[in-house]
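What follows is one structure encoded as structure tokens, with my remarks underneath.
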């Protein structure tokens, strides 16, 4: 990482945290690889998340390596920018194949994948690769939506059906999974049944507000078991803090709640994470959504280092 | 309502919640009519609320019919988009006459009016129609300002004088009315006296913060009595959540507080509501203000269905 | 069309030109149907054109019915807003099937289709329907790009391959087709050969600038023959005039040149047109791209009325 | 004027051209008074021009005093910022009375009024004051619209009826007046008759494009006779150059054409001018519309100094 | 202050709170002088704070003089707008000399300085002037960053080194100073030592959240002693509320917390304050950052009046 | 260069034209090095050009390698992204030293420097390096301003004094230099003398408009002699086409004129160029200024390849 007291943050090619740009992980053998998945076609409202990885890279130039809250130091950790998956616009299933292949190649080298979406459909392809290595994993989903619908417009894959298919395909273990941040309307009372039947423990915003973020964070750590993957949908956060997203939902998490929740991942066996649905065309002039996403990525990286997963230093 | 799992939300003519566009209420005989009042000329700072109804329509395409928090289902409720009042730019009093006539025609058909402003001056004309049918009503005002001034620039009607005139004209009963969310400066200590003398119970932000939203919501339900009209000024919400408004006032409600307060209307005798001062030219690129306004309208519709008013199903 | 001297332009549900919102063309039997195709997934750079139809509807509320330059009066012409094709995000080929079906159903009623995209890939599906009725048509393509590439990312359909496939599938007759407005870089000199081999007469910007818009307009009318379809890609226009598009290319047409070129379609046998690649997330705050697109649509409608095609009154 | 080589342009209170802020003209006795008319309620589409005067003030901090094209030097000319007329939002006719009174008070002191609107309705009130002093004047109208309609929404005053009323009230002499820049649709062929009957010579964009800006400028100088007032509607310019306006019309003047046309006012008997319809909420992030309006104001001031009117130095 | 019920807020030259524009303080002898410091060159990320003073002036036209929470009335207090310091772009040290000279001249007249930055580097120059008059002062720093680094890019002065130099130069007394609002990453654990060694008591966001804003406010009042200067960095606030700033840091104060903290300054011996790092090019369309900054300035002015400092009326 | 038909343009780390990111030129030995100079502190109005290099990199992902107008193919030319100069915010002269050192190191390797500013002050440092190698060069300046002033705010270096100092220091030969695009006001008639005395041939916009772009381009080629450096200030272009710049000046070049002028550099002995004053915070949502700047850079690279300079293939 370039020293921001020597070279200003606004200077130079914006790789993630101004880390080396590396295609060949085997030779570089880093601890962590940042990987972009710029696909946004399977969205039900606003596209734009294809520019999410680049926006997070730009915002990440503001990050510093030491976390005073968790006392985690990323300085001795080697991070590289592993570029993006070459997606195929307009072809969801072909794109999924390319995502799965690329994530698998990262996992084969035992490098921790820190993934930036893309819309939430892409997480299914990521989980296929993860489950291939680890078997069904515990899923931590911070999200305004359950993504448990079965199909959209007569087709199976969409950013609203990811978790349904992940369960169906045996990629995650619902009984050790948890979802936090849901809110807004549903299509009918049958959706509530669907949520209950899926077997994932979930905490909508109203319950989170009543219990407090600390209790929910504790519950998260109790719930997960074994290899754990965290999928962070930026729309879990209120649009005031994260306007740049595809399906905004008012009444969400504050930035402080979001960052605190991510810190709750410390001590788990974190094997990877993705942060999805950052849609820069709808962000504000300051890029606040991308800036928050970069900070959230930083907190998740610290949690990975403080976990017993492949990036763990415990 | 068009099925968003068949036809994407971004497709088609944006009526409110993609409901039928209906001019003739008598024939359609719906439960609820969405009606726009695109007037913004009686504003003391920023205009633009004339585009509020269209922005709320666009954002409402994101809404789903079932509310899992209140377990209210709008699917069996018939909602129509009753278009807008044909206002007269630059002529406040002529515009008021047209608003009053149109709202009266809705009330005559016993359809519940869900109104989208326009600036807050227009509420006076709405209340004239409402009081004509119901007599003086209880007013629930969620607002950053009292709107109790007597005149502006030597003329009586303005978005800052609405409630004063509503009391003067006997349209509302102050002794069963309540105002929540006030903050910011006043012209002098005499304004405090004016607020006290008006007879409306009020809870400025500082008091709301100390007591908590639950207690204030309980107080709201205790205070109102008989036919109740809710006037929701989006500027009650902090500009972080609702930048697109005419006279922004920092230090306001969060989106969660705002939505919770509106849910407090359940169980009252709600006879109508308006949501005013959404000024799209000042909104962010994501339309966050309009999105929140659409969600607030949804919560108010749920409360109307859960009330003993004309849309009530209790 | 609602009288804008009675009801302000900013009021009411924004259908195209505030015309009736009609699903059933057979009963309504209008002269012209405005139809949206909100698909933007087959784009190589910026998405967002799915919101093009709605943006053009909003901007079209500014249009008046009489064209003093061409002395064309749309008042006696019946126009309806035929809503949008229900596309399938992330599934290009399934979407194409739905577009083709819907356009065919319009053509079957002998109504003139005025189509708003959507990205330029969708024109292929439109042309399939058109050619099914008329056989190979003359194509007038006003565009910054040739769209003659054969594939992108290993898949055949993309907004850069439309015209190649239209020729391959026999939907258009290159020998009576013309392309105007091309500029910017190519992948190599072989692209020039590809352009020449395709058989479409073409006028890049530099040639247009040297010859003048009048001469090119005359050439357009000489070139086309029989049923003619016009495909207007807004990126033909310079980004200063039309920033809201997916693949902007500096050095393009001015608004006056663009509108004049469209007027050149008068006197042809115009059987339909589409205006594509309006991407509102990248438009300016004033919606200048959509406003220009609405004016261009108006000019094309006037040309349709002044043509010997199905909307022709000559 | 503050020296921009001593105090940066971005520093200090933004009066017009950083000139003194003067309420009392009689004592100050300047050559030219800049006066704002922040009224925008009589608009048929987008409001916002009430912030026009402030935006022009801000942009004017970029101006320098010497015009190398016309060799006009404003350094020896005393200019003051005479603040704004205290308008009454929502009350057009009361506002007109205040505008007329304030402009009359300027004219009484023989100071040249350089006026910044506001919407185009306000020009009627300005012309009442001007005609009171000078009798019917020659009008130079650079505008996308004729503003010759008789009423809107059943009321007489609107930004679309100004010139009609100016003729009716005998404030201008059509036979020595000229209009340049018109384009876009009309309500019907009867509007063409209305334009012809009004007696003002006019040059729509298409004619201007065919004849060239020089010829039209020459014609302007030939046409006007005696005291001349110029009303510059920023919407004469294409939205690419001036997006921040209330009723944008594609296909307009370029900035070079606009500035050249204004220079054509040199040598006339210019007694005042206004520049209207700058609506900052719709301007771009750079304030391009306001920047162009400031440059246009500068050119008009140079023309005033090079005229035989009250600011003339010839 | 101009009466906003007579002259609309959007009218006229935007001085701070529409107060008189005064260069000569000695003659005017006001209680409070608003002074801009439009320098933003010593910033490590985004510039733009040079336009902060103008943006705060514009937003301040919304302020009213009476504070109902603290019962403070600014009506009898004389406030003037003392324009801006003529800074030198690109020359930090020369600019510091000009700032120090101008602030000293204000302090010599015993007028209370209410300063609007500029980036946070400028506070060093302000403190030099303040300490010259009062000796080492108590510093209240509300800020996302400590600004305790020793140099940037090999040069001493930067917006990240201000407090370090203020201590080194003996301008502030760390033992009676306090910092609130810090968060985000550091360069390493040595930065924590640096913070501890500096001797300023500090409350990062996580601690503030756990203790509550009231307790921290109480602690502030206990900590400071004697002449107190408050430096309010708008980046203490979360980017959701204040996106328009140079180095945004997610997870910050809400607007209500920020305003409450400023109210805690009541009862101290406040001798001046500055509000820095408002960068309008990154603000939202509504100017929310500037609006909050204006409200914060109002609260700080009320605290100054309720203090035993030079503006105090106790 | 990555194949955009294999990997979408929106994917991956955005180096210039997606070329290799290379710090060590000696080993790589490319034909052309893209180099950023992110300094914007010596600006008299709006900062932001420090983000110019990154914005041009992002926009350059749209470029293709073959120029059909000039028949220039960049495919066989090796281009690298040489990152940015590590500037020192707030310290102009220290920054100049770093720029000069870095450009000298590029020139030493005989690589052609393609430089992206930064404000126009930085060109002085670049020219120092260029003249050190080549002696006084011919300067082609396309610019809205002469940059011939001697000092600003009492200091010598500023974006308005660059050419004055370049002449004074003997870095350029005025008698073989040319300036195109000037317009707008000056401080007084003495500025015209200054321009004449400087000895650079110049063509203000009005003269360019009268003569036509072809003639001026021809004159450019006649005027220059020997090693030639082109400095392209994006503010030469009209703000409609390039709003994102520090000191916008209405009435400028169109994009077509700008690109054509740059093509006129073919056949000269081009030894380097810079493109300055792209200020992304003021650009539009589409990044039109950066997109035009990327196209202009492409045209200048083609001219370099078609020149007898170090990148020349003739």
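Chains as they are written, first to last, in this note's numbering: chain A, 1 to 314; chain B, 315 to 628; chain C, 629 to 942; chain D, 943 to 1256; chain E, 1257 to 1570; chain F, 1571 to 1884.
Here a beta-carbon is modelled for each residue, glycine too, at the ideal position from N, C-alpha and C.
Figure out for me which residue from the options has the closest Cα to the Cα of residue i.
i              : options                         : result
residue 528/B  : 603/B, 455/B and 572/B          : 572/B
residue 435/B  : 410/B, 417/B and 428/B          : 410/B
residue 1595/F : 1809/F, 1652/F and 1695/F       : 1652/F
residue 507/B  : 371/B, 460/B and 342/B          : 460/B
residue 1428/E : 1459/E, 1383/E and 1461/E       : 1383/E
residue 269/A  : 247/A, 287/A and 220/A          : 220/A
residue 364/B  : 1167/D, 983/D, 1129/D and 994/D : 983/D
residue 641/C  : 682/C, 651/C, 672/C and 931/C   : 682/C
residue 1680/F : 1778/F, 1597/F and 1794/F       : 1597/F
What does residue i reach in chain C if we use C-beta pairs closer than 8 Å?
i             : result
residue 320/B : 714
Report the three-state DSSP secondary structure of residue i (helix, strand or coil).
i              : result
residue 1691/F : coil
residue 426/B  : strand
residue 1645/F : coil
residue 235/A  : helix
residue 1214/D : strand
residue 1139/D : helix
residue 622/B  : coil
residue 1170/D : strand
Span of the beta strand (DSSP E) holding residue i?
i              : result
residue 1143/D : 1143-1145
residue 1120/D : 1120-1122
In chain order, what residues of the same chain lie with their CB nearer than 6 Å to the CB of residue i, ignoring the 5 residues before and after it?
i              : result
residue 559/B  : 548, 549, 591 and 593
residue 1483/E : 1390, 1393, 1525 and 1527
Can you list, in chain order, the residues of its chain with a C-beta nearer than 7 Å to that of residue i? Leave out the 5 residues immediately preceding and following it.
i             : result
residue 888/C : 841 and 845
residue 356/A : Here chain A covers residues 1 to 314 and nothing more, so residue 356/A does not appear.
Under 9 Å between beta-carbons, which chain F residues line up against residue i? List them in chain order, please.
i              : result
residue 1285/E : Within 9 Å Cβ-Cβ: nothing; residue 1285/E doesn't reach chain F, min ~30 Å.
List, in chain order, every chain D residue whose beta-carbon is nearer than 8 Å to that of residue i.
i              : result
residue 472/B  : 1031 and 1032
residue 1337/E : 955
Give the interface partners of residue i over in chain D, defined as CB-CB distance under 7 Å, in chain order.
i             : result
residue 596/B : 1223
Could you tell me which chain C residues have their CB closer than 7 Å to the CB of residue i, listed as they occur along the chain?
i             : result
residue 987/D : 637, 638 and 690
Could you list which residues in chain F have their beta carbon closer than 8 Å to that of residue i, in chain order?
i              : result
residue 1298/E : 1659 and 1660
In terms of residues, what are the limits of the alpha helix (DSSP H) holding residue i?
i              : result
residue 1286/D : Lying before the first or after the last residue shown, residue 1286/D is absent from chain D, which here runs from 943 to 1256.
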